[in-house]
Amino acid sequence: MKRLFIMLAILPVMSMAQTLEECQHAAERNCPLIRQYDLINQTTDLTVSNISKGWLPQVSASAQATYQSDVVSWPDRIQMLYQQMGMDMKGLKKDQYKMGIDINQTVYDGGVIKGKKEMARKQGEVDAAQTEVTLYQVRKRVNEMYFGLLLLDEQIRLNADLQELLSANEKKISSMYKQGTAAESDYNAVKAERLKVMQQAVDLQSQKRSLKLALSAFCGIEVDSVQKPALVEVAQNGLRPELKMVDAQMRLADTQEKLLNATLMPKLSVFASGFYGYPGYNMFEDMLRHEWSLNGIVGAKLTWNIGAFYTRKNDKANVQLQREMFDVNREMFLFYNNIEQIQQREEIARYQALMTTDEEIISLRSSVRKAAESKLSHGVIDVNDLVKEINNENAARVQQSIHEIEMLKEIYNLKYTTNN
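Heads up: the sequence shown begins at 2 in the working numbering, then just goes up one per residue.
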């Protein structure tokens, strides 16, 4: 019972044909590039986190030992005076030692840290937009394989119809041969044509299997069969990922300009510094005792780097040039995109015009083929003329299928071009 339930659950999935949209979405999910979105988010979060740590106290430890060629000392007269008073003023030693810690805490940075964090986020948006541009191209590749499969399905169907028609004529001529109204060569000619069409069927099935395996691997799902998409009306242009990327680049340039303004602001910080060593801050005591001591200092510091003013004009000009380059990229994309739309709409119109007479051509070819079958029965034409008319009718049906599938393909390529 359990096995039966599993089979019933699998059966609808196996018999259901995949739509074009399902294949496109599956291909996007299956594309290795999809993982890059998460990597970009992680990278952006780590970068922002590192920049935020600029508000944490900056601590540095150091140790040094030096030997000086000369040190601060008392003049000889003063030393003599101290000696008369019973004091031995030795002066500073030439070997000096220091082990210390320096702490610096930013209080106000003019908005530099905030600007850098915003820059990191905007850069992440640009990277994500670039990924979306590449990922969007997956749809076009799916279109090529999907409509290729549709066309092969139509050709296989028409091939089967052709085999059936040739088989019927083969039986008919076999009967005529037995009755002595047809030659053996006539029978062999029709049979050879049928076998040739069977060979074509083998080739078409092989192409279909190969393309189906490729589409399945590309989408990451088992594509058992495809279904013909409906005719759709392509609306006005949507927002292509390429244009989204340009918008993201523009926002990045705006943030970069704001950061330039932040670098002009003064910076305020507080600091503390302490060390253990010799000599310390009390130089007179160290000249007398020559002992290591603990020393410390705290304070506040206001700095203003006016060097940013020197390059400000060029930096702002550089940002503006970047904006202009992004605008050029936008215009170039829209230019080529518009040309592609014109070509695709013309192709659609061409196939629509061809399809208006396809049905009539098939009807005429079918009438001629039926007449040829009648003529062959009465010995008016030979079998080669019949085979020719059968092939002409089949070619007309194949052309109709090609026109229909190619028109659908151009419509959905136009949907891709306009992102509708």
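A virtual CB, placed ideally from N, CA and C, is assigned to each residue, including glycine. Keep in mind the model is a prediction, meaning the values are calculated, not measured.
Contact set for residue i: own chain, Cβ-Cβ below 8 Å, skip 5 residues either direction
i, result
"residue 292", "279"
"residue 324", "251 and 254"
"residue 3", "With a pLDDT of 38 at residue 3, under the threshold of 50, the modelled position of this residue cannot be trusted; read the value that follows with caution. Nothing listed; no residue qualifies."
"residue 205", "153, 156, 157 and 160"
"residue 53", "114 and 118"
"residue 409", "148, 151, 229, 230 and 232"
Rounded C-alpha distance that separates residue i from residue j
i, j, result
"residue 322", "residue 251", "11 Å"
"residue 242", "residue 191", "56 Å"
"residue 211", "residue 175", "37 Å"
"residue 419", "residue 235", "8 Å"
"residue 55", "residue 107", "8 Å"
"residue 314", "residue 265", "12 Å"
"residue 294", "residue 80", "24 Å"
"residue 163", "residue 24", "31 Å"
"residue 331", "residue 275", "57 Å"
"residue 281", "residue 296", "6 Å"
"residue 390", "residue 397", "11 Å"
"residue 284", "residue 71", "15 Å"
"residue 359", "residue 401", "6 Å"
"residue 125", "residue 334", "22 Å"
"residue 138", "residue 38", "16 Å"
"residue 233", "residue 339", "20 Å"
"residue 270", "residue 246", "39 Å"
"residue 199", "residue 220", "31 Å"
"residue 97", "residue 69", "8 Å"
"residue 135", "residue 113", "33 Å"
"residue 184", "residue 178", "6 Å"
"residue 261", "residue 329", "24 Å"
"residue 348", "residue 148", "16 Å"
"residue 301", "residue 133", "48 Å"
"residue 86", "residue 95", "25 Å"
"residue 317", "residue 326", "14 Å"
"residue 320", "residue 116", "15 Å"
"residue 362", "residue 31", "44 Å"
As assigned by DSSP and simplified to three states, the class of residue i
i, result
"residue 107", "strand"
"residue 6", "Any reading at residue 6 is ruled out, since the residue's pLDDT is 37, under 50, leaving its predicted position unreliable."
"residue 184", "coil"
"residue 383", "coil"
"residue 221", "coil"
"residue 307", "coil"
"residue 420", "coil"
"residue 14", "A caution first: residue 14 carries a pLDDT of 38, below 50, which makes its placement in the model too unreliable to give a value."
According to DSSP, residues forming a beta bridge with residue i
i, result
"residue 19", "227"
Same chain, Cβ closer than 7 Å to residue i, five either side skipped, listed in chain order
i, result
"residue 267", "111, 303, 304 and 305"
"residue 128", "41"
"residue 151", "227, 229 and 406"
"residue 377", "384 and 387"
"residue 168", "195"
"residue 213", "150 and 224"
"residue 395", "159 and 163"
"residue 239", "419, 420 and 421"
"residue 367", "394"
Beta-carbon contacts of residue i that lie in its chain and below 6 Å, excluding the five residues immediately before and after
i, result
"residue 222", "27"
"residue 256", "119, 120 and 123"
"residue 61", "103"
C-beta neighbour in chain D for residue i, strict 8 Å
i, result
"residue 76", "The structure shown contains no chain D; it holds only a single protein chain."
My parser needs the beta strand (DSSP E) runs of 3 or more residues fully inside the stretch 228-304; what are they? 268-279 and 294-304
Entirely enclosed beta strand (DSSP E) segments - the stretch 31-116, minimum 3 residues: 59-68 and 96-109
Ignoring anything shorter than 3 residues or poking outside the stretch 312-396, list the beta strand (DSSP E) runs there in chain order. none
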